[in-house]
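K.L.:
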Amino acid sequence: MSKVLMKGNEAIAEAAIQAGCRYFFGYPITPQNEIPAYMAKRLPQAGGTFLQAESEVAAINMVYGAAGAGARVMTSSSSPGISLKQEGISYIAGAELPCLIVNIVRGGPGLGGIQPAQSDYFQSVKGGGHGDYHLVVLAPSTIQEMVDLVQEGFDIADQYRNPVMILGDGMLGQMMEPVEFEERKSRRLPPKDWATTGWKGDRPRAVINSLFINPQVLENHVNKIYRKYQEIKANETMAECCNCEDAEIIVSAYGTTARIVKSAMEMAARKGIKVGLIRPITLWPFPTETFQEWAQRDHVKAFLTVEMSMGQMVEDVTLSIGGKKPSHFYGRTGGMVPNPADILAEIEKVRGGNA
Amino acid sequence: MTEQIIIAGFGGQGVMSMGQLLAYAGMLEGKNVSWLPSYGPEMRGGTANCNVIITDDMVASPIVTQASVVIALNKPSLDKFESAVVPGGMLFVNSSLIDRKSVREDIDVFYIPANEIADQLGNPRIANTVVLGAYLAKAEGSISPSSVIEALKKVLGPGKQDLIPLNEEALKRGAEQAAIVLESAH
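Taken in order, these protein sequences are the chains called A and B.
Residues are numbered in the numbering used here as their position in the first sequence, beginning at 1, plus a constant of 23.
Residues are numbered in the numbering used here as their position in the second sequence, beginning at 1, plus a constant of 132.
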């Protein structure tokens with residue numbers, strides 16, 4: 024199929040429909056409104072249901088219900104709206120149900136602003152809602168990758184019965200790039216024999232539940248979920264490494280920021296500074312081993328993490344490299360976007376300090 | 133080839149669609165492109181702008197901070213983005229609405245009376261296409277006007293193909309104006 028020029032938000036919606044998503048429940052918020060707008064128009068044409076709920080809390084619980092019935096279902100929102108959805112997300116994780124949640128992040132805390140940010144990293148990868156659980160968190164950096172990861176995300180959700188989050192930002196949602204919707208092979212997925220599709224006496228009753236009053240039963244349940252997480256870590260961790268082979272400084276960034284870092288890397292190369300990039304594509308599971316490997320190399324003198332936040336992913340980078348190399352941070356926040364020249368200046372500062 | 137373009141003007145002047153058209157045309161020519169809109173409060177009554185990158189390489193940062201081309205459709209846009217043009221770059225000024233000259237001497241500046249020309253063509257909304265025509269005439273090796281028309285045909289859809297001749301004429305008039313302006317400047 025040929026390329027089309029699409030906004031990131033619209034591309035997410037189209038990719039979801041092509042991945043077989045037929046149910047969308049949401050509530051409007053900038054900068055992700057093109058997702059529900061596109062779904063409102065296209066889902067009924069595809070035989071699906073779009074519903075604008077009365078609130079984010081209602082929307083995520085509709086997702087809970089549809090997921091429990093075995094449907095491919097998604098919701099999308101932006102930071103404050105995702106905060107409202109956290110209770111439902113925790114329930115969905117507890118009940119082991121698959122769904123896709125898109126967060127097109129804007130500046131926070133509070134209502135914050137509407138410009139791009141990455142300050143929801145902690146919320147996305149460390150919990151967000153209550154209890155012992157994880158989302159699989161995917162962080163695309165181009166619109167094509169966003170399309171690919173939406174389809175992948177639904178499959179991962181179904182394979183492991185766990186909610187998956189696409190973590191984008193306002194810039195990725197609003198910008199346009201050429202994309203190709205390729206016919207892609209779905210994974211071989213287990214049947215949804217746990218879904219509540221109506222009991223006819225031919226199988227044990229399906230029960231969707233996240234309440235376990237007996238602590239031993241709950242501990243067993245959580246242990247079971249965590250065994251699943253070990254599998255996800257082993258099978259699904261993704262990162263892109265770029266120019267790391269002879270790098271003296273390795274920059275780490277995800278999403279839009281990784282693209283800006285690539286511009287800074289071109290500037291650094293012209294000055295003869297060898298800079299590599301590790302771009303985590305899965306933020307959970309975090310590509311810890313990739314960082315460990317590069318941290319052991321002698322040519323790598325230091326790590327610099329760049330984020331549109333006050334420093335969140337940098338904690339995972341620091342943990343991963345385990346004190347083997349210095350870990351530095353540079354960030355802008357509140358909707359301010361770092362520019363390549365500022366990142367280059369930070370690279371030079373780090374390099375000077377480690378020379 | 134890498135073109136880093138900022139297009140700016142009042143909301144409603146066709147800033148966003150002009151940028152989308154360029155990106156679309158670049159895509160049709162097999163280049164890598166990105167289009168990034170401003171979507172903040174400045175959209176509401178103030179200056180809207182978009183960044184377009186057209187390149188043979190990969191698009192790294194979609195943000196244009198050092199522009200090879202700035203197209204300013206109103207005065208606040210000129211004030212804001214005049215300094216973003218790299219030395220040797222190009223600045224297109226809608227002289228119908230902007231009463232001052234550029235202070236830059238290290239770039240090529242083209243003054244296009246876009247609204248007057250659009251009025252002569254009988255449709256004031258075509259002013260953006262006039263400036264686009266001026267840019268395309270000067271952007272050798274970037275995007276061809278025929279690709280822009282191809283893109284326009286796709287964007288407009290089957291119901292509005294009757295607008296194509298008017299747009300072709302606007303591109304041509306803009307190109308002519310760019311030629312005149314350059315002669316008088318040298």
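Each residue gets a CB set at the ideal place from its N, CA and C atoms; glycine is no exception.
Nothing here was measured: the structure is a model prediction, and the numbers come from that model.
Quick check on P245 (chain B): does DSSP put it in helix, strand or coil?
P.N.:
Coil.
K.L.:
Does the Cβ-Cβ distance between T305 (chain A) and E271 (chain A) come in under 8 angstroms?
P.N.:
Cβ atoms of T305 (chain A) and E271 (chain A): not closer than 8 angstroms.
K.L.:
Grouping DSSP H, G and I as helix and E and B as strand, with all else coil, what is A283 (chain A)?
P.N.:
A quick correction: the sequence has Ile, not Ala, at residue 283 (chain A). The answer is helix: DSSP assigns I283 (chain A) an H, G or I state.
K.L.:
Using a threshold of 7 angstroms, is the CB atom of A157 (chain B) nearer than that to any non-hydrogen atom of the ligand HEM?
P.N.:
The ligand HEM is not among the ligands present in this structure, which contains no ligands whatsoever.
K.L.:
Using DSSP with H/G/I as helix, E/B as strand and the rest coil, what is R302 (chain A)?
P.N.:
Three-state result, R302 (chain A): strand.
K.L.:
Tell me the rounded alpha-carbon separation between I137 (chain A) and D192 (chain A).
P.N.:
Straight-line Cα distance between these residues: approximately 10 angstroms.
K.L.:
Whose C-beta lies closer than 6 angstroms to the C-beta of A36 (chain A) among residues of the same chain, with five residues either side of it excluded?
P.N.:
Excluding positions up to five away in sequence, the list reads I58, Y61 and M62.
K.L.:
Should M133 (chain B) be flagged as near chain A, meaning a C-beta pair shorter than 8 angstroms?
P.N.:
Chain A contact via Cβ: absent.
K.L.:
Tell me, please, which residues DSSP counts as bridged to N164 (chain B).
P.N.:
B:T187.
K.L.:
Please check if any C-beta of chain B sits within less than 8 angstroms of the C-beta of I283 (chain A).
P.N.:
I283 (chain A) counts as touching chain B.
K.L.:
To which residues of the same chain is I230 (chain B) closer than 6 angstroms at the C-beta, ignoring the five residues directly before and after it?
P.N.:
Correct list, in chain order: K207 and L210.
K.L.:
Residue ranges of each alpha helix (DSSP H) run of no fewer than 4 residues wholly in the region 258-296 of chain B, ordered along the chain?
P.N.:
Within the region 258-296 of chain B, the complete alpha helix (DSSP H) runs of at least 4 residues are 259-270 and 277-288.
K.L.:
Answer yes or no: does any C-beta atom of chain B fall closer than 8 angstroms to that of N362 (chain A)?
P.N.:
So, interface residue.
K.L.:
Relative to the alpha-carbon of N260 (chain B), which residue among B:E237, B:F224 and B:D238 has its alpha-carbon at the smallest distance?
P.N.:
Here the closest residue by C-alpha is B:F224.
K.L.:
Does V201 (chain B) have its Cβ less than 8 angstroms from a Cβ in chain A?
P.N.:
Chain A, which has no Cβ nearer than 8 angstroms to the Cβ of V201 (chain B), makes this no.
K.L.:
Output the distance between the C-alpha atoms of I40 (chain A) and G91 (chain A), rounded to the nearest integer angstrom.
P.N.:
Those two C-alpha atoms are separated by around 19 angstroms.
K.L.:
Measure the alpha-carbon distance for R236 (chain B) versus M148 (chain B) and round it to whole angstroms.
P.N.:
R236 (chain B) and M148 (chain B): Cα-Cα distance of roughly 26 angstroms.
K.L.:
Could you list which residues in chain A have their beta carbon closer than 8 angstroms to that of Y156 (chain B), in chain order?
P.N.:
In chain order: L28.
K.L.:
Which residue from B:A155, B:K163, B:L268 and B:T197 puts its Cα closest to that of A287 (chain A)?
P.N.:
Of the listed residues, the one whose Cα sits closest to A287 (chain A) is B:T197.
K.L.:
Please determine if the region 315-325 of chain A and the region 272-279 of chain A are in contact, where contact requires at least 3 C-beta pairs separated by less than 8 angstroms.
P.N.:
These segments touch.
K.L.:
Write down every uninterrupted run of the alpha helix (DSSP H) in the region 70-108 of chain A whose length is 4 residues or greater and which is fully enclosed by it, in chain order.
P.N.:
Listed in chain order, the complete alpha helix (DSSP H) runs (minimum 4 residues) inside the region 70-108 of chain A are 79-91 and 102-107.
K.L.:
What's the gap between the Cα of L367 (chain A) and the Cα of M290 (chain A)?
P.N.:
Distance between the alpha carbons of L367 (chain A) and M290 (chain A): 7 angstroms.
K.L.:
Just grab the DSSP bridge partners of W317 (chain A) for me.
P.N.:
In DSSP, W317 (chain A) forms no bridge with anything.
K.L.:
Does the contact criterion of 3 or more C-beta pairs under 8 angstroms hold for the region 147-165 of chain A versus the region 206-223 of chain A?
P.N.:
Flag = no, the region 147-165 of chain A and the region 206-223 of chain A do not touch.
K.L.:
Drop a sphere of 10 angstroms on the beta-carbon of Q136 (chain B), count the other beta-carbons inside from all chains shown, and report buried for 16 or more, exposed for fewer.
P.N.:
Q136 (chain B) is buried by the Cβ-count criterion.
K.L.:
By Cβ distance below 8 angstroms, which residues in the same chain neighbour M190 (chain B) in space, the five residues on each side in sequence not counted?
P.N.:
Same-chain partners within the cutoff: N164.
K.L.:
Using the beta-carbon count (16 or more within 10 Å), is H318 (chain B) buried or exposed?
P.N.:
Only weak support exists for where H318 (chain B) lies, its pLDDT of 47 falling under 50; the coordinates are left without a value.
K.L.:
Under 8 angstroms, Cβ to Cβ, is there at least one residue of chain A near I195 (chain B)?
P.N.:
Output row for I195 (chain B): interface = yes.
K.L.:
Quick one: using the 10 Å Cβ neighbour count with 16 as the cut-off for buried, is T165 (chain A) buried or exposed?
P.N.:
So T165 (chain A) ends up on the buried side.
K.L.:
Between A:R211, A:A364 and A:E338, which has its C-alpha nearest K285 (chain A)'s C-alpha?
P.N.:
Checked all of A:R211, A:A364 and A:E338; the closest Cα to K285 (chain A) is A:A364.
K.L.:
Taking only the alpha-carbon atoms, compute the straight-line gap between Q174 (chain A) and A38 (chain A) and give it to the nearest angstrom.
P.N.:
Roughly 7 angstroms separates the two Cα atoms.
K.L.:
At a Cβ cut of 8 angstroms, what residues of the region 185-205 of chain A count as close to chain B, listed as they run along the chain?
P.N.:
Hits within the stretch, in order: G193, M194, Q197, M198, M199, E200 and P201.
K.L.:
For the region 126-151 of chain A, which residues have a CB atom closer than 7 angstroms to at least one CB atom of chain B, in sequence order?
P.N.:
Those would be I137 and Q138, in chain order.
K.L.:
Within the same chain, show all residues whose beta-carbon is closer than 8 angstroms to that of L241 (chain A), passing over the 5 residues directly before and after it, in chain order.
P.N.:
So the list reads F235, once near-sequence residues are dropped.
K.L.:
Which residue wins for smallest C-alpha separation from S166 (chain B), given the options B:G146, B:D188, B:D240 and B:N299?
P.N.:
Looking at the Cα atoms, B:D188 is the closest of the given residues.
K.L.:
Unbroken beta strand (DSSP E) runs of length 3 or more, entirely within the region 120-173 of chain A: which are they?
P.N.:
Runs found: 123-128 and 159-161.
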